Amino acid sequence: MQDAMTERAASSCLAGQGANGRTLLAGEPLGRIGTMVVRLACSAAEIEAAQEVRYRVFREELGNRAVAAGMQDRRDADRFDDVCDHLLVMDTSLEGPDHRRIVGTYRLLRQESASAAGGFYSSDEFELDRLVARHPHLRFLELGRSCVLPDYRSKRTIELLWQGIWAYVNHYDIGVMTGCASFHGTVPAAHAEALSFLAHNCSAEGAWRVPAVARRHHPMDLMPTEAVNARSALAAMPPLIKGYLRLGAKIGDGCVIDHDFGTTDVFIVLPVETISARYINYYGAEAQRFAA
-4 MQDAMTERAA SSCLAGQGAN GRTLLAGEPL GRIGTMVVRL ACSAAEIEAA QEVRYRVFRE
56 ELGNRAVAAG MQDRRDADRF DDVCDHLLVM DTSLEGPDHR RIVGTYRLLR QESASAAGGF
116 YSSDEFELDR LVARHPHLRF LELGRSCVLP DYRSKRTIEL LWQGIWAYVN HYDIGVMTGC
176 ASFHGTVPAA HAEALSFLAH NCSAEGAWRV PAVARRHHPM DLMPTEAVNA RSALAAMPPL
236 IKGYLRLGAK IGDGCVIDHD FGTTDVFIVL PVETISARYI NYYGAEAQRF AA
């Protein structure tokens, strides 16, 4: 895996011409707030450091039981890492080399890279391949493995991640963002009000509907509409899911229990054209400063 990762990281630093004709170089800033900067990883050391951050959050903090390639080295790693781009938030005020300044990360899997890997990561839980097939003229981007270290879970860290994602989306002419988002724990009933709110108010419909794969499908409409209090339902949702909803995302049909990660997963569908103009103006203006 190390040789493949090194080759991938090296090529990412040298290439990346998008639909707009510009080159997005890994290592170049895509956003900055104070001492914090967001950019793509450009070395094996940075990718491994991002995997270490993921291990600290997913394994040590949240207690997932997944058996992954890098667990013996205290890294959360799998085969998709070799074909993904890794978005990093770094605190430049920290001492040491850049790969020791990583405080947050997001994994980005473009459609063409997913094809090379044999499919998207989320396809094991949701019927993403069918969604892609229904929209042949749009480019899909799967977002995953989002995590931020506890001391950096703030508005500005999330804003930086989205500045980086927006620059990336514009560069590669992405039409749809997708991916799994999680509630902690493996008992959907523990999140009955929040899941029911999503099912009744935020479901992707028509050509955008994405059901969970039949063998893993669990219903989300656990409470009748009239029994759901919107304010308390939203308050009970993880910040990542609320962030997606603010951008205009819709939710797939059914949830999936991931026993390895100890989560209840829902599927996010976010066509770029549906993103609220105020968010495009906000994130887009900042991203263009660095990606132009």
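In terms of the numbering used here, the sequence shown has 77 at position 82, counting the first letter as 1, and numbering is strictly consecutive.
Built from N, CA and C at the ideal position, the CB exists for glycine as well.
Note that the coordinates shown come from a computational prediction; the quantities given were computed from them, not determined experimentally.
What residues match up with GLU137 in a beta bridge as DSSP calls it?
Partner(s): LEU104 and THR173.
Pick out the complete alpha helix (DSSP H) segments inside the segment 202 to 234, 4 residues or longer, and give them in chain order.
Segments of the alpha helix (DSSP H) lying fully in the segment 202 to 234: 225 to 230.
In chain order, what are the residue ranges of uninterrupted alpha helix (DSSP H) at least 4 long that sit wholly in the segment 174 to 200?
Correct list: 187 to 196.
Every unbroken alpha helix (DSSP H) inside the segment 18 to 76 [4 residues or more]:
39 to 49, all fully within the segment 18 to 76.
Cutoff 8 Å; reference TRP203; Cβ partners in own chain excluding five residues on either side
Exclusion of the five residues before and after TRP203 leaves LEU126, LYS245, VAL264 and PRO266 as the residues of its chain whose Cβ lies within less than 8 Å of its Cβ.
Cut-off 7 Å between Cβ atoms - residues of its own chain near VAL205, not counting five sequence neighbours on either side:
The beta carbon of VAL205 is closer than 7 Å to those of PHE121, GLU122, LEU123, LEU126, ALA199, GLY247, ASP248, PHE262 and VAL264 in its chain, skipping five residues each way along the sequence.
Work out the CA separation of VAL48 and CYS142 for me, nearest whole Å.
Their backbone Cα atoms lie some 8 Å apart in a straight line.
CA-to-CA distance, LEU83 to ARG140, given in whole angstroms:
Straight through space, the alpha carbons of LEU83 and ARG140 are spaced by roughly 12 Å.
Count the other C-beta atoms from every protein chain shown that fall within 10 angstroms of the C-beta of ASN224, then say buried if there are 16 or more, exposed otherwise.
Classified as exposed, ASN224 has fewer than 16 neighbouring CB atoms from the shown chains inside 10 Å of its CB.
So, with DSSP's three-state summary, where would you put LEU82?
In the displayed model, LEU82 falls within a strand according to three-state DSSP.
Tell me VAL164's beta-bridge partners as DSSP assigns them.
As far as DSSP is concerned, VAL164 takes part in no beta bridge.
For GLY99, which beta-bridge partners are listed by DSSP?
For GLY99, which the question treats as bridged, DSSP gives the partners VAL84 and VAL143.
Are PHE75 and ALA112 close, meaning C-beta to C-beta below 8 Å?
Taking 8 Å as the Cβ cut-off, PHE75 and ALA112 qualify as a contacting pair.
MET85 versus LEU155 - alpha carbon distance
Inter-residue distance for MET85 and LEU155 is about 10 Å (C-alpha atoms, whole angstroms).
Can you tell me which residues form a DSSP beta bridge with PRO266?
DSSP, once it has assigned bridges, lists VAL171 as partnering PRO266.
Of all Cβ atoms in chain C, is any one closer than 8 Å to the Cβ of VAL261?
Judged by its chain identifiers, the structure shown contains no chain C, having just a single protein chain.
Nearest-angstrom Cα separation, counted from LYS237 out to LEU217
Using only the alpha carbons, I get a separation of about 19 Å.
Please look up how many angstroms separate the CB atoms of LEU175 and ASP80, rounded, as I've assumed it's under 8 Å.
As written in the sequence, residue 175 is Cys, which differs from the Leu given in the question. CYS175 to ASP80, Cβ: 18 Å. No contact.
Near ALA40, which residues of its chain fall below 6 Å by C-beta distance, leaving aside the five closest residues on each side in sequence?
Cβ neighbours of ALA40 beyond the five flanking positions: HIS94.
The beta strand (DSSP E) that contains ASP253, what's its start and end?
Here the beta strand (DSSP E) through ASP253 covers 251 to 253.
Sequence-distant residues of the same chain with beta carbon closer than 6 Å to SER118, five excluded per side
Excluding residues up to 5 positions away in sequence, ASP124 lie with their Cβ nearer than 6 Å to the Cβ of SER118 in the same chain.
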